[in-house]
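Asker: Just so we're aligned: the sequence shown equals residues -9 to 414 in this note's numbering.
Where is the CB? At the ideal position from N, CA and C, for every residue including glycine.
Computed from a predicted model, the values in this text were never measured in an experiment.
Below is one structure. I have some questions about it.
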Amino acid sequence: MQSTIATASEVKDINLAAAGRNRIEWAGSDMPVLGLIGERFKKEKPLKGIRVSVCAHITCETANLALAISAAGAECLLIASNPLSTQDDVAAALVKEYGISVYAMKGESIETFHRHIQKALDHKPQLIIDDGCDLVVTLVKERSKQIEDIIGTTEETTTGVTRLHAMERDGQLKFPAVAVNDSQTKHFFDNRYGTGQSTFDGIIRATNRLVAGRTVVIVGYGYCGKGCAMRARGLGANVIVTEIDPVKAIEAIMDGFQVMPILEAAALGDIFVTVTGNRHVIDAPHFKAMKDGAIVCNSGHFDLELNLESLASMTKSRREVRPLMEEFELKDGRRVYVLAEGRLVNLACAEGHPASVMDMSFANQALALEYLVKNKGKLKPGVLVLPKDIDQEIAMLKLKSLGVEIDKLTKEMQEYMDSWQSGT
Ligand SMILES: NC(=O)c1ccc[n+]([C@@H]2O[C@H](COP(=O)([O-])OP(=O)(O)OC[C@H]3O[C@@H](n4cnc5c(N)ncnc54)[C@H](O)[C@@H]3O)[C@@H](O)[C@H]2O)c1
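Here it is, written out as structure tokens:
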């Protein structure tokens, strides 16, 4: 059912708003840093009258970000960055309880997803928050006249930052774009602890399988892969890591994991998780080598890490055995189970990262918007990382909220550190 109330929107069921509000408030109660920023924004209104389009996972944590930005005076509109990650009750609550425009429905088609991207651009944004770069790419390709309105954009995830760098190299990035992912208070925590916990939350909710004693293969040992491997071990799994980067492979070995090529790991794994940001990292030869009953999922940004077309071509029948869990019965009788159609398993089968890590990620997003506005006209077009003092401020606020104090440099220590700056 589409919304019929005043705020322009397209959500699945507006009657879910009350449940959504409860979840938004619950998440907010574990987002103290964003909460403090929101309170300051409410007084100072640093985004007053500015149109902001947000393309992100529509979760209760994102709702808290939208509230902080709206408190800052922005006119905010949200769309989903993934067809399966929308929490419909949260979308309804944003519209009905908070009067914020949302165009997002869990399970929306690719056509609807693209139509919503157009809605976000119809909003004539001056600031964009993107997660995966789809909104920014569409702006540049299809609405280049609107670029002159853009103060700047921010990007949430590793794959989106990779795309921004490619646009910069091609001379297509004509405005400042803050790589929020590259703040330490983002990727150290969100990508590692957030993805680690929520990926296994998704796998367990989807399958209800015991992880202990099983062999889990983690494909990619970046920040997300480290988190997934750590949590798989914590659940009692035997963990195998596959990599293409020799340094990351050594890190995995020294962290105590087995490392081997994916083709060897394919025959051993019970559960496979891809987190590479790369294409077809599990492909036909690997599906051919898998054991009967192997469970395969992806927690990287795009749904192309698993070559599901190749799996389909060796399949004689398919059926959904549980929600978002599809059985592929192969011609030789083996069965492979794919979660969430190869899309982000943590957001599709669970609820994405817990609020406590999104607190820091979205504190970065909120402060990045303020930074772009404060420095309007002064920043060069291209990809930039937030200044270190903003990252440090977020970390200090987080520590404070945890009741943890740390040491400060004494004058003597500071002088000693400064004495090396000349190199002699
Ligand atoms: N699920 C989530 O909520 C979530 C959160 C943050 C990031 N992400 C996404 O997850 C992906 C990974 O992010 P990250 O921050 O860990 O990136 P990263 O760059 O730190 O790590 C990716 C790793 O994958 C490795 N890799 C690339 N191709 C490979 C292959 N064929 N086989 C094995 N390893 C391979 C790289 O060497 C690298 O070590 C990105 O798409 C990112 O956008 C998802």
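Spatial neighbours of K216 within its chain, please: CB distance less than 6 Å, with the 5 preceding and 5 following residues excluded, ordered by chain position.
Answerer: Mapped onto the sequence shown, residue 216 falls at position 226. Same-chain partners within the cutoff: R182.
Asker: Does the region 145 to 153 come within contact of the region 302 to 320, defined as at least 3 CB pairs closer than 8 Å?
Answerer: No: the two stretches stay apart, fewer than three of their Cβ pairs being nearer than 8 Å.
Asker: Cβ of L57 within 8 Å of Cβ of H113?
Answerer: Counting from one through the sequence shown, the residue named residue 57 turns up at place 67. Counting from one through the sequence shown, the residue named residue 113 turns up at place 123. Not closer than 8 Å, so no.
Asker: Within this structure, are the beta carbons of S391 and V23 separated by less than 8 Å?
Answerer: Walking along the sequence shown from the start, residue 391 turns up at place 401. Walking along the sequence shown from the start, residue 23 turns up at place 33. Yes. Within cutoff.
Asker: Measuring CB to CB, does E146 end up less than 8 Å from D121?
Answerer: Taking the first residue of the sequence shown as position 1, residue 146 is located at position 156. Taking the first residue of the sequence shown as position 1, residue 121 is located at position 131. Against a cut-off of 8 Å, the Cβ pair of D121 and E146 comes out as a contact.
Asker: Relative to ligand 1, is the shortest distance from any of its heavy atoms to the C-beta of G25 smaller than 7 Å?
Answerer: As a first step, residue 25 must be located in the sequence shown, where it is residue number 35. No, Cβ of G25 sits at least 7 Å from all heavy atoms of ligand 1.
Asker: Please tell me whether L225 has its Cβ less than 8 Å away from any Cβ of chain C.
Answerer: The structure shown contains no chain C; it holds only a single protein chain.
Asker: Assuming contact is defined by CB atoms lying nearer than 8 Å, are A167 and V375 in contact in what I supplied?
Answerer: Here residue 167 is taken as the residue at index 177 of the sequence shown, counted from 1. Here residue 375 is taken as the residue at index 385 of the sequence shown, counted from 1. Not a contact, by the Cβ cut-off of 8 Å.
Asker: Based on Cα-Cα distance, which residue from V92, L258, G332 and T143 lies nearest to T82?
Answerer: The residue you call residue 82 lines up with position 92 of the sequence shown. Here residue 82 turns out to be Ala, not Thr, going by the sequence shown. A82 has its Cα closest to that of V92, out of V92, L258, G332 and T143.
Asker: Report the three-state DSSP secondary structure of A94 (helix, strand or coil).
Answerer: Position 104 of the sequence shown, counted from the start, is the residue given in the question as residue 94. Of the three classes helix, strand and coil, the one that applies to A94 here is coil, per DSSP.
Asker: With 16 as the cutoff for other CB atoms within 10 Å, does T(-6) come out buried or exposed?
Answerer: Here residue -6 refers to the residue found at position 4 when the sequence shown is read from its first residue. Residue confidence for T(-6) is low, a pLDDT of 47 falling below 50, so the modelled location carries little weight; the figure read from the coordinates is stated next. Per the 10 Å Cβ criterion, exposed.
Asker: Who are the near neighbours of K378 in its chain, counting only those whose CB is closer than 8 Å to its CB and skipping five residues on each side?
Answerer: Along the sequence shown, read from residue 1 onward, the residue named residue 378 stands at position 388. Hits under 8 Å: none found.
Asker: Would you say the beta carbon of D271 comes nearer than 7 Å to a heavy atom of ligand 1?
Answerer: Reading the sequence shown from its first residue, position 281 is the one you call residue 271. Going by the sequence as given, residue 271 is Val instead of Asp. Answer for V271: yes, Cβ within range of ligand 1.
Asker: If S300 sits next to V265, beta carbons under 8 Å apart, how far is it from one beta carbon to the other, in whole angstroms?
Answerer: The count along the sequence shown starts at 1 and reaches residue 300 at position 310. The count along the sequence shown starts at 1 and reaches residue 265 at position 275. S300 to V265, Cβ: 20 Å. No contact.
Asker: Pairs of beta-carbons, one from the region 316 to 329 and one from the region 278 to 292, closer than 8 Å: are there three or more?
Answerer: Counting Cβ pairs under 8 Å, three or more are found: they touch.
Asker: Measure from the alpha carbon of E254 to the alpha carbon of each residue in K2, C339 and I230, then state which is nearest.
Answerer: As a working note, residue 254 is residue 264 in the sequence shown. When only C-alpha atoms are compared, the closest one is I230.
Asker: Tell me where the alpha helix (DSSP H) around E34 begins and ends.
Answerer: Start at 1 with the first residue of the sequence shown, and residue 34 comes out as number 44. It spans P22 to E34 - the alpha helix (DSSP H) in which E34 sits, taken as one unbroken run.
Asker: Which residues in the same chain have their Cβ closer than 7 Å to the Cβ of N268, if we skip the five residues on either side of it in sequence?
Answerer: By one-based count along the sequence shown, residue 268 stands at place 278. Closer than 7 Å at the Cβ level, and outside the excluded window around N268, lie E295.
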